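*Asks:* Residue numbers (my numbering), protein chains in the order written: chain A, 1310 to 1526; chain B, 1310 to 1526.
This is the structure, below, for whatever I ask next.
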DNA sequence: GTCAATCATCTTGTATACAAGAAAGTTATT
DNA sequence: AATAACTTTCTTGTATACAAGATGATTGAC
């Protein structure tokens, strides 16, 4: 159950941060966390360093590590980059994708549709993930695929929330279909544009969501 | 002179790897390197972990860390991603750049031209770096800027080599000017295309270079 | 009473000691 | 002689001990 290796600690800490267990600017106390995970400071420090590099925390020498929850501006920036990266995937995939993969995407989309009809946001989320994973893969560029996964992973909690917005799931579905259509035609520019817009919309929706929460609170 | 902090060690090791001091698959011995840098294994291990995350070395649990020099395929993939990231910068910069920054780019280009005329590849390289740095900045997206810098840094040694190819510097210059022209017109699509091609060419040139070396050896 | 300086305490950073797993060498058996 | 099992040695991973810098408190001076 409680794996104690340095990399698993990093994963657990990352999950904690991503799910918002810490506020922005919170200092992560080495000894405290070491106790919590029942390890010494050595492996814990290694885990913290990992998080520092991936940008989830900031390491200030001789001061400690502090969680860095992205603010609205940085989030928009990250969504913008995600949009460009996925657009690149689409652009490349348009000329590289084969019929089997296209069929896979259609399948994923069909399952998305089922989820939409069942108003099952969790299910939709999972199938949506699958759709995007295929897109990354079909870029035919393993490095790009990895970069996409990295950022995708980081944006997970925020993407997830905007899905619950009224009418977002059907809209997202329609965008998916437009993407597949462009890929089928082998229209690289159109595929890139569709994907870019699809992801950018996620960022905007999330932004609206945050603004709404602020206004309500 | 010999700074001994963990992050500086990471930098020095990174430089060593990037400049090809180790062959692909070489194991990096902790105690050996610790002696070499005159530190204990603890800070050295932290440095190695950093390199592992940035992908320069692979860490296999209980086995050690091994340098991972990118092969031709991975290099092409990285250049392709670099091209897409920089194209994204250009696309965004086309609508966000201001006159001052445009002037800066023209300046950098002028200095590039001076270097070309002097056949000074090192000087050209530096001014070329500056040109691209401005482009990243003018995307108006700090996160994108950082991502670009990260990958740019990783590709440095390879980009540097292809510059010495016959006729490459004047060609690169011309591409720069086309980029600035597109940005001046505020033509996002054209700017993106020009930049994408400019960077993609670097990858291709490097590929040719490698193929040539292989044939010669 | 406030501000500054010194001192105590706490936290990070590094070294060393120890534990556990992997590789290699040796020996015994077939 | 070849192979398999065991043992030795080496390397990585973790814990603890120690050093050094940073923070905060207390005391003294103005």
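Where is the CB? At the ideal position from N, CA and C, for every residue including glycine.
This structure is a prediction, so every number in the text was calculated from the model and none was measured.
Quick check on this structure: which residue in 1361/B, 1451/B, 1419/B, 1413/B has the alpha carbon closest to the alpha carbon of residue 1388/A?
*Replies:* When only C-alpha atoms are compared, the closest one is 1451/B.
*Asks:* Report the CB separation of residue 1485/B from residue 1398/B in whole angstroms; it is logged as a contact under 8 angstroms.
*Replies:* Incorrect: roughly 14 angstroms between the Cβ atoms, too far for contact.
*Asks:* Residue 1517/A by DSSP, collapsed to three states: which one?
*Replies:* helix
*Asks:* Is it buried or exposed for residue 1437/B, if we count other Cβ within 10 angstroms and need 16 for buried?
*Replies:* buried
*Asks:* Please name the residue in 1465/B, 1496/B, 1339/B whose C-alpha comes closest to that of residue 1515/B.
*Replies:* 1465/B
*Asks:* Three or more C-beta pairs closer than 8 angstroms, one from the region 1375-1386 of chain B and one from the region 1327-1343 of chain B: is that the case here?
*Replies:* The region 1375-1386 of chain B vs the region 1327-1343 of chain B: in contact.
*Asks:* Give the interface partners of residue 1451/B over in chain A, defined as CB-CB distance under 7 angstroms, in chain order.
*Replies:* 1386
*Asks:* By the three-class DSSP mapping on this structure, what secondary structure does residue 1435/A have?
*Replies:* helix
*Asks:* If I measure Cβ to Cβ from residue 1310/B and keep anything under 8 angstroms in the same chain, skipping five residues before and after, which residues do I get?
*Replies:* For residue 1310/B, the predicted structure reports a pLDDT of 41, less than 50, and the residue's modelled location is therefore unreliable. A value from the coordinates is still provided. So no residue of the chain qualifies.
*Asks:* Would you mind working out which of 1341/B, 1423/B, 1352/B, 1414/B sits nearest residue 1440/B, comparing C-alpha positions?
*Replies:* 1414/B
*Asks:* Select from 1316/B, 1512/B, 1448/B, 1457/B the residue whose C-alpha is nearest the C-alpha of residue 1359/B.
*Replies:* 1316/B
*Asks:* Helix, strand or coil for residue 1328/A, going by three-state DSSP, please let me know.
*Replies:* coil
*Asks:* Assign residue 1507/A to buried or exposed, taking buried as 16 or more other Cβ atoms, counted over all protein chains shown, within 10 Å of its Cβ.
*Replies:* buried
*Asks:* Given that a residue counts as buried once 16 or more other Cβ atoms are within 10 Å of its Cβ, and exposed if not, what is residue 1402/B?
*Replies:* Using a 10 angstroms sphere on the CB of residue 1402/B, the tally of other CB atoms reaches 16 or more, which defines it as buried.
*Asks:* What does a CB cutoff of less than 8 angstroms around residue 1361/B pick up in its chain, not counting 5 residues either side in sequence?
*Replies:* 1367, 1368, 1374
*Asks:* My understanding is that residue 1474/A touches residue 1518/A, with C-beta atoms under 8 angstroms, so please give their C-beta distance in whole angstroms.
*Replies:* 6 angstroms
*Asks:* Report back the beta-carbon spacing between residue 1492/A and residue 1435/A to the nearest angstrom; my notes put them in contact at under 8 angstroms.
*Replies:* With 8 angstroms as the limit, residue 1492/A and residue 1435/A do not qualify as a contact, their Cβ atoms being about 21 angstroms apart.
*Asks:* Can you round the beta-carbon distance between residue 1445/B and residue 1458/B to whole angstroms, since I take them to be within the 8 angstroms contact cut?
*Replies:* 6 angstroms
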